[in-house]
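Residue numbers are given in UniProt numbering: position 162 of the sequence shown equals residue 162, and the series is strictly consecutive.
Inspection log for the structure reproduced underneath, given as structure tokens.
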Amino acid sequence: MVVHRIIDGDTLEVRGDGRVLPKDTVARVRLLEIDTPEGGACFADDATARTATLLPPGSHIRAERDVELTDRYDRYLLYVWNEQGTFVNEALVRSGHAEAVLYPSNDKYWTRISDAEDAAQQAGAGLWTACPEQPETSLAPPDSPAPARPDLPGGPPAGVPDVDCSDLSGPVWVGPDDPHRLDRDGDGIGCEAN
């Protein structure tokens, strides 16, 4: 496969070589078992730049699938190694440019990637020291439901593969939980720039 372009820290476009992806098809790939900050969030630009360094457009990659090949957004869910043999998913976590995130049943390298996160946290690498803790987005007591915005569609639920704003057609109501970190300013509305 050949890298076509980097979309963000954990999403890219590649041209298939007929092994995992159909030959000459340009498709979006979501790196498995990791999550990088979304555009505008602390360390998002750093994560995207690091991914572009590891996977420059035009470079060849080796990819491996797990149990589920695609997500509900038709992105291919893959583990990726660059031309130098670097396991990119793990490298992004180890350098603190991504967090380890498990989405069962794709868990082939979970121990390796979660160990890399432990090492990054202990070393204070990347986002672990560059980004302050996020303040609470709601002053309401935890038991009270978040007010919904009937004029906006609901955001994607937790537990589905990670979603980026580039996967959505416009703003969505995420409320105070925001499991996919789509809300940059903490007002309960994700992907306002779409």
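Think of the CB as a built atom: it goes at the ideal place given N, C-alpha and C, for glycine as much as any other residue.
Note that the structure is a prediction, hence the values are computed from the model and not measured.
Three-way DSSP call (helix, strand, coil) for T11 in this model | Numbered from its first residue, the sequence shown carries residue 11 at position 11. Of the three classes helix, strand and coil, the one that applies to T11 here is strand, per DSSP.
Might you give, ordered along the chain, the residues of its own chain that have their beta carbon closer than 8 Å to the beta carbon of K23, omitting 5 neighbours on each side?
-> Here residue 23 refers to the residue found at position 23 when the sequence shown is read from its first residue. Correct list, in chain order: G16 and D17.
Excluding the 5 residues preceding and the 5 following L102 in the sequence, name in chain order all residues of the same chain whose CB lies nearer than 6 Å to its CB.
-> Counting from 1 along the sequence shown, the entry for residue 102 is found at position 102. Counting only Cβ-Cβ distances below 6 Å, and skipping sequence neighbours, we find W110.
At what residues does the alpha helix (DSSP H) containing T111 begin and finish?
-> Residue numbering aside, residue 111 sits at position 111 when the sequence shown is read from its first letter. Following the DSSP letters along the chain, one finds T111 inside the alpha helix (DSSP H) bounded by residues W110 to A123.
What is the DSSP secondary structure of N82, counted as helix, strand or coil?
-> Translated into positions along the sequence shown, residue 82 becomes position 82. It is coil, neither helix nor strand.
Figure out for me which residue from C42, S114 and G96 has the closest Cα to the Cα of W128.
-> One-based indexing of the sequence shown puts residue 128 at position 128. Checking every option, the nearest Cα to that of W128 belongs to G96.
With DSSP collapsed to three states, give me the class of L31.
-> Taking the sequence shown and counting its residues from 1, one reaches residue 31 at position 31. L31 falls in the strand class under three-state DSSP.
Could you tell me whether the stretch 60 to 78 touches the stretch 113 to 122, where touching means 3 or more Cβ pairs closer than 8 Å?
-> No, because fewer than three Cβ pairs between the stretch 60 to 78 and the stretch 113 to 122 fall closer than 8 Å, the two stretches do not touch.
D66 by DSSP, collapsed to three states: which one?
-> If you number the sequence shown from 1, residue 66 lands on position 66. D66 falls in the strand class under three-state DSSP.
Is V2 near the ligand ATP, in the sense that its beta carbon is under 7 Å from a heavy atom of that ligand?
-> Although the ligand ATP was asked about, the structure shown includes no ligands whatsoever.
Could you tell me whether the stretch 36 to 45 touches the stretch 63 to 70, using the rule of 3 or more Cβ pairs below 8 Å?
-> By the criterion of at least three beta-carbon pairs nearer than 8 Å, the stretch 36 to 45 is not in contact with the stretch 63 to 70.
Distance, Cα to Cα, Y65 vs G188?
-> If you number the sequence shown from 1, residue 65 lands on position 65. If you number the sequence shown from 1, residue 188 lands on position 188. Residue 65 is actually Arg in this sequence, not Tyr. Taking the straight line joining both Cα atoms gives about 34 Å.
What is the rounded straight-line gap between the Cα of E117 and the Cα of V29?
-> Locating residue 117 in the sequence shown gives position 117, where the first residue counts as 1. Locating residue 29 in the sequence shown gives position 29, where the first residue counts as 1. In this structure, the alpha-carbon of E117 lies about 22 Å from that of V29.
Identify whether R50 lies in helix, strand or coil by the three-state DSSP scheme.
-> As a working mapping, residue 50 is identified with position 50 in the sequence shown. Per DSSP, reduced to three states, the secondary structure at R50 is helical.
Give me whichever residues DSSP pairs with residue 209 in a beta bridge.
-> What is shown of the chain runs 1 to 194, which leaves residue 209 out entirely.
May I ask you to list the residues that DSSP assigns as paired with F87?
-> One-based indexing of the sequence shown puts residue 87 at position 87. Bridge partners of F87: W81.
Inter-residue CB distance, G186 and P171 (contact presumed, cutoff 8 Å) | Translated into positions along the sequence shown, residue 186 becomes position 186. Translated into positions along the sequence shown, residue 171 becomes position 171. Beta-carbon to beta-carbon, G186 and P171 are separated by about 14 Å, too far to satisfy the 8 Å threshold.
Tell me the DSSP bridge mates of A6?
-> In the sequence shown, counting from the first residue as 1, residue 6 sits at position 6. Residue identity differs from the one stated: residue 6 is Ile in this sequence, not Ala. As a beta-bridge residue in DSSP terms, I6 pairs with L12.
Near S114, which residues of its chain fall below 7 Å by C-beta distance, leaving aside the five closest residues on each side in sequence?
-> The residue labelled residue 114 in the question sits at position 114 within the sequence shown. Counting only residues of its own chain and dropping the five nearest sequence neighbours on each side, S114 has a CB closer than 7 Å to the CB of A100.
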